[in-house]
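Count the sequence shown with the numbering used here and you get residues 4 to 259, in order.
Note that beta-carbon positions come from the ideal geometry of N, C-alpha and C, so glycine has one too.
Notes for the one structure printed next.
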Amino acid sequence: MEMAPISILITGANRGLGLEMVKQMIETAQPVKKLFACCRDPNGPKSEALQTLAKNHPNVSVIRLDASDLGSIKQAAKQVCSVVGAGGLNLLINNAGILSRDNLQTTTPENMQNTFNINALAPLVITQEFTPLLRTAAKASVIPGMSCRKAAVINISAFLASFESVKSTYNFLPALSYRISKASLNMLTVCAAEELRNDGILFAALHPGWVRTDMGGEGGDIDAQESVKGMLGVMASLSEREDGAFLDYQGKTLPW
Ligand code: NDP
Numbered sequence: 004m005e006m007a008p009i010s011i012l013i014t015g016a017n018r019g020l021g022l023e024m025v026k027q028m029i030e031t032a033q034p035v036k037k038l039f040a041c042c043r044d045p046n047g048p049k050s051e052a053l054q055t056l057a058k059n060h061p062n063v064s065v066i067r068l069d070a071s072d073l074g075s076i077k078q079a080a081k082q083v084c085s086v087v088g089a090g091g092l093n094l095l096i097n098n099a100g101i102l103s104r105d106n107l108q109t110t111t112p113e114n115m116q117n118t119f120n121i122n123a124l125a126p127l128v129i130t131q132e133f134t135p136l137l138r139t140a141a142k143a144s145v146i147p148g149m150s151c152r153k154a155a156v157i158n159i160s161a162f163l164a165s166f167e168s169v170k171s172t173y174n175f176l177p178a179l180s181y182r183i184s185k186a187s188l189n190m191l192t193v194c195a196a197e198e199l200r201n202d203g204i205l206f207a208a209l210h211p212g213w214v215r216t217d218m219g220g221e222g223g224d225i226d227a228q229e230s231v232k233g234m235l236g237v238m239a240s241l242s243e244r245e246d247g248a249f250l251d252y253q254g255k256t257l258p259w
């Protein structure tokens with residue numbers, strides 16, 4: 004990302020797109036000063052790659068944040084607050100997510116609840132907890148207008164959340180609970196943009212493309228490198244014109 008923000012927090016940063024974001028953010032000519040890479044089990048085997056990156060890059064801090072444990076979200080916010088101080092947090096990326104391949108006939112209340120909790124409720128609570136830090140960053144910045152360098156929340160959404168996509172994609176991949184949860188995430192994005200516009204905090208929902216990760220599977224259109232390169236480019240280009248927008252990794256506006 005050109006002219007990197009000073010501080011960034013990413014959820015689900017131990018594998019897939021989140022880990023690739025961390026990699027690309029530390030490889031740029033102007034790396035971010037403070038990168039909070041969150042994952043639910045920092046000392047577990049699935050976080051080894053992230054821990055290795057953090058060991059070699061002092062600007063990366065690994066923080067425990069389990070999207071299903073609201074207490075851990077509060078704890079993470081406290082930890083970040085003690086580090087960023089008066090500069091606040093410039094960019095929050097709600098990336099952690101889960102996908103269930105269910106449909107109307109196979110889903111269960113537990114499955115719906117779990118998927119909603121991780122994909123929609125957690126981003127809501129995370130946004131609430133970090134809003135004071137984002138507000139501080141917006142106030143502390145001398146950069147005019149809205150941007151990811153100043154104060155922003157990027158919600159990693161999905162094309163499957165688009166109502167218009169259902170006719171062309173449902174038979175291929177129903178993912179009912181996933182669609183409902185990500186559509187809720189999109190609504191959260193629009194409402195939060197409306198509510199916090201005067202605080203100078205930009206919100207956008209981004210679709211990463213169909214990506215070859217554990218979630219996307221081997222049949223995906225693109226790899227994580229291409230997706231993240233595109234998304235970071237889009238994030239760098241966002242301004243007040245895109246506040247509350249739903250875009251893909253190439254910057255194309257998607258239908259709701
Ligand atoms: P992966 O399955 O590869 O990675 C998911 C990440 O989310 C992991 O880091 C995982 O951590 C984390 N996560 C899951 N549950 C929790 C939890 N309770 N608390 C904290 N972290 C959790 O998926 P992708 O990297 O492909 O997906 C990233 C985002 O992109 C998701 O929001 C997804 O919906 C979205 N997306 C992906 C697409 C694709 O084609 N890949 C398409 C459209 C959207 P852990 O290792 O602990 O499980």
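Residue i - DSSP class collapsed to helix/strand/coil
i    : result
V65  : strand
C42  : strand
F206 : strand
E153 : The amino acid at residue 153 is misidentified as Glu; the sequence shows Lys. Of the three classes helix, strand and coil, the one that applies to K153 here is coil, per DSSP.
F249 : strand
S160 : coil
N97  : strand
I11  : strand
I129 : helix
V193 : helix
I183 : helix
K255 : coil
I146 : coil
V169 : helix
K37  : strand
S50  : helix
T118 : helix
G74  : helix
T139 : helix
Spatial neighbours of residue i in its chain, beta-carbon cut-off 7 Å, leaving aside the 5 residues before and after
i    : result
T118 : I101, S103, S180, Y181 and S184
G90  : I9, S10, A140 and A143
Beta-bridge partners of residue i, as assigned by DSSP
i    : result
I1   : Residue 1 cannot be examined here, being either before or after the span of the chain that is shown, 4 to 259.
I225 : V214
Cα-Cα separation, residue i to residue j
i    : j    : result
S150 : Q78  : 27 Å
L12  : L92  : 8 Å
L191 : F249 : 12 Å
T109 : A196 : 35 Å
Q54  : P61  : 11 Å
N59  : F166 : 43 Å
V87  : F175 : 45 Å
S50  : C194 : 33 Å
E229 : Q27  : 11 Å
K232 : T256 : 17 Å
Q253 : A227 : 14 Å
A178 : N120 : 15 Å
L188 : A123 : 5 Å
D44  : Q33  : 29 Å
V145 : L107 : 50 Å
A80  : L73  : 11 Å
L136 : Q82  : 12 Å
I76  : A70  : 7 Å
I29  : L56  : 9 Å
G247 : M234 : 16 Å
F133 : A52  : 26 Å
C84  : A186 : 30 Å
L95  : K153 : 11 Å
H210 : D251 : 4 Å
A164 : P258 : 10 Å
S242 : G203 : 11 Å
Contacts around residue i, its chain only, beta-carbon distance under 8 Å, and the 5 residues preceding and following it disregarded
i    : result
N114 : S103, D105 and S180
L245 : Per the sequence shown, residue 245 should be read as Glu rather than Leu. Cβ neighbours of E245 beyond the five flanking positions: L205 and A207.
Sequence-distant residues of its chain with Cβ nearer than 6 Å to residue i (five each side left out)
i   : result
S64 : F39
G15 : G21, N98 and A99
Does the structure place the segment 151-165 close enough to the segment 216-225 that three or more beta carbon pairs sit under 8 Å?
no
Evaluate contact between the segment 15-24 and the segment 211-218, counting only Cβ atoms and requiring at least three cross-stretch pairs below 8 Å.
yes
The segment 121-136 touching the segment 169-179, judged by at least three CB pairs closer than 8 Å
no
Could you say if the segment 39-56 and the segment 234-243 meet the contact criterion of at least three C-beta pairs nearer than 8 Å?
no
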